[in-house]
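Residue numbers (my numbering): 35 to 719.
We treat Cβ as the ideally placed atom computed from N, Cα and C, and that holds for glycine.
Following: one structure in structure tokens, then a few remarks.
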């Protein structure tokens, strides 16, 4: 209709408005409002200016015709009087009491088979009128000034008019529903355990309900006498502040005690319910607000947005995972502290740990080559590959060694924590730059500590086994395949390295998740109380085991699952018919040595150089992908939406230009020079 050059925008509006008329004997038809919304929506693809122009056209049409104004006013007031509000005010946009799995299932079901509507409640009316998922966007673009002008034309600015009184009574009913929910959630066992509230009757969650019951009685009386509700909600507002303080305390406690999906959803529901309660208090006039019309319009836009997004799986997922991700990345950032070296002693300690891991990985690479020669069925081959990697990585951790490519997932969370302290701004940029320098040199020595020993060990092992058994441990065909898989041009080495980078990121997430799970369920304390374990190991060793797991549960789980992901990637690609596999820099270095030895060192410098370049590029892709994913996840989890990245990059570049050596080797510590008696390392940033 809007594409027709002869289409008259104003004529279409007048036709719609003339159809709006109050009905004496039955309910008004919502279809006229749907036509009006569709008329507005026609201008949405253009610009916000077009929406404002059409809104002004609507107001002018009502101003120019008194009969039309009275007719439309009667239609709208009858429609508003016939609607029900309490459940919409109390529930729309607030998580239900179902579990996360149930909520996800319900949203998927509703997207596939939407519920029918009866046009009775405000929520159902919104779903009928605003049918497009982006309707809230153009609705929010309409200025408060334009809305105020419309309210003035319809004579709706008088808060004492009967229509508003009815809606205010509905708001009070909705607030009581919210207060009951807040009280119930506030004394739930999960929340009580997290907060450590000893006496339920002292909880502000219960007190706010009692205060609201008292306020509702006074509010109904004042409304019946046409009196304003000024300052009636002041005490309730104080109690709601106390409730929010308790929620903040719960999130702080979660850093120490861990957090579950259930607890996270309960805290989100509490926050949403408290915010909705405060908004309704402002709309009632019980709490002060700068612009009551603006507050009303904003609330209407919020309800519309929530109705548009009610079946959004992404919104549900983001709302929950942001809370969980913060707890997980918090544990990951604590693990990342040891990957930022300040002193030379710490630097060489990391180098020794990386060298140990490189030696072990050389053997893991050989074991994998041997397993592939067994000609097992694909499933069992993937199982043995996974066990080889998983157990090997666990052994690396138990021996105190370090896999360089696992560091970015940890250090990214550490850098994000430092940026979070500055809220994305550059007031503490020197602190962040210093941390980046420390991480860069630690990553540098870790990479070389992994790669060189892995290559050298694989080289020595291959030569030794050849001398011992008379043939190389890796056949010529397998050796050719190993070298071909390192070629960045003739193979999918780099895409496969990116997949390994994703797995490295997931390993960091898994480590943080299991650390959080161990703390939340108090696994170390439970282990200490296992009578059968105390009998077999003794009290001392049981306590040592519990203490070790309290600090290393996440690392052990992350290493094992990382190995399983690496070992099963090829099998997953096989059953899906997709070219899925992994390339890891340390294994690539070991495979390069085995491949060269399989050819009895009869390779040209070009082939060796291409393989070496492939190892280098695989490592870069591993690091960049895992670091990027972990960094932006940690930033999002911490709510850092505005990051001054360009100035930060400029500071880092300037630091590299002035002191490039510090990115690869730590400077001599002046504090240690001036205080030779100091025995403890300086405090970490």
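What do you get for residue i, buried or exposed, if any count of 16 or more other CB atoms within 10 angstroms of its CB means buried?
i: residue 73; result: buried
i: residue 692; result: exposed
i: residue 510; result: exposed
i: residue 634; result: exposed
i: residue 298; result: buried
i: residue 261; result: exposed
i: residue 505; result: exposed
i: residue 415; result: buried
i: residue 314; result: buried
i: residue 339; result: buried
i: residue 404; result: exposed
i: residue 574; result: exposed
i: residue 547; result: buried
Quick check: the Cα distance between residue i and residue j, rounded to an integer number of angstroms?
i: residue 113; j: residue 281; result: 39 Å
i: residue 254; j: residue 203; result: 7 Å
i: residue 501; j: residue 584; result: 46 Å
i: residue 42; j: residue 331; result: 29 Å
i: residue 641; j: residue 631; result: 13 Å
i: residue 525; j: residue 386; result: 33 Å
i: residue 457; j: residue 259; result: Here the model assigns residue 457 a pLDDT of 49, short of 50, so the residue's position is not dependable, and the following value carries that caveat. Between residue 457 and residue 259, the C-alpha separation is close to 49 Å.
i: residue 654; j: residue 563; result: 46 Å
i: residue 424; j: residue 537; result: 13 Å
i: residue 271; j: residue 245; result: 10 Å
i: residue 507; j: residue 485; result: 20 Å
i: residue 370; j: residue 302; result: Because residue 370 carries a pLDDT of 42, less than 50, the predicted location of this residue cannot be relied on, and no value is offered for it.
i: residue 622; j: residue 396; result: 10 Å
i: residue 36; j: residue 117; result: Residue placement at residue 36 is poorly supported in this model, since its pLDDT is 45, which falls under 50; the coordinates are not used for a value here.
i: residue 192; j: residue 300; result: 39 Å
i: residue 608; j: residue 614; result: 8 Å
i: residue 643; j: residue 382; result: 29 Å
i: residue 523; j: residue 433; result: 37 Å
i: residue 225; j: residue 217; result: 11 Å
i: residue 367; j: residue 400; result: Low per-residue confidence applies at residue 367: pLDDT is 44, beneath 50, and the placement is therefore not dependable, though the value from the model is reported in the following sentence. One C-alpha to the other measures close to 33 Å.
i: residue 624; j: residue 497; result: 13 Å
i: residue 240; j: residue 305; result: 15 Å
i: residue 577; j: residue 277; result: 38 Å
i: residue 521; j: residue 647; result: 8 Å
i: residue 553; j: residue 620; result: 32 Å
Please return the same chain residues whose Cβ sits closer than 7 Å to the Cβ of residue i, not counting the five positions on each side in sequence.
i: residue 402; result: 419, 422
i: residue 323; result: 316, 329
i: residue 274; result: 242, 308, 311, 312
i: residue 48; result: 95
i: residue 325; result: 178
i: residue 436; result: 384, 387, 388, 391, 480
i: residue 398; result: 422, 423, 426
i: residue 335; result: 170, 173, 174
Have a look at the options and flag the residue whose alpha-carbon is nearest the alpha-carbon of residue i.
i: residue 312; options: 237, 543, 545, 212; result: 212
i: residue 342; options: 167, 221, 661; result: 167
i: residue 391; options: 405, 377, 406, 439; result: 439
i: residue 393; options: 580, 483, 89; result: 483
i: residue 96; options: 50, 698, 466, 198; result: 50
i: residue 587; options: 395, 200, 286, 549; result: 549
i: residue 660; options: 47, 533, 702; result: 533
i: residue 410; options: 172, 605, 639, 109; result: 605
i: residue 172; options: 196, 85, 643, 614; result: 85
i: residue 611; options: 603, 617, 618; result: 603
i: residue 58; options: 613, 108, 252; result: 108
i: residue 55; options: 75, 45, 103; result: 103
i: residue 551; options: 417, 296, 513; result: 296
i: residue 61; options: 111, 647, 91; result: 111
i: residue 158; options: 227, 176, 169, 121; result: 121
So, at 6 Å on beta carbons, what are the nonlocal neighbours of residue i in its own chain, with the 5 sequence-adjacent residues on each side left out?
i: residue 592; result: 541, 544, 545
i: residue 337; result: 126
i: residue 589; result: 431, 545
i: residue 531; result: 617, 652, 655, 656
i: residue 267; result: 315, 320, 321
Considering only residues of the same chain and omitting the five flanking positions on each side of residue i, which have a CB-CB separation below 8 Å?
i: residue 581; result: 558
i: residue 467; result: 682, 685, 686, 689
i: residue 53; result: 66, 69
Does residue i get closer than 8 Å to chain D when you measure Cβ to Cβ?
i: residue 247; result: Absence of chain D from the displayed structure is noted, only one protein chain being present.
Inset, instruction - For the region 258-291, list the alpha helix (DSSP H) runs that are entirely contained and at least 4 residues long, ordered along the chain. - result: 268-291
Legend entry - Completely contained alpha helix (DSSP H) runs for the region 148-230, where each covers 4 or more residues: 156-163, 169-174, 178-188, 196-220, 223-229
Legend entry - Every unbroken alpha helix (DSSP H) within the region 552-606, with a cutoff of 4 residues, ordered by chain: Under the rule that a run must span 4 or more residues, the alpha helix (DSSP H) segments found entirely inside the region 552-606 read 557-562.
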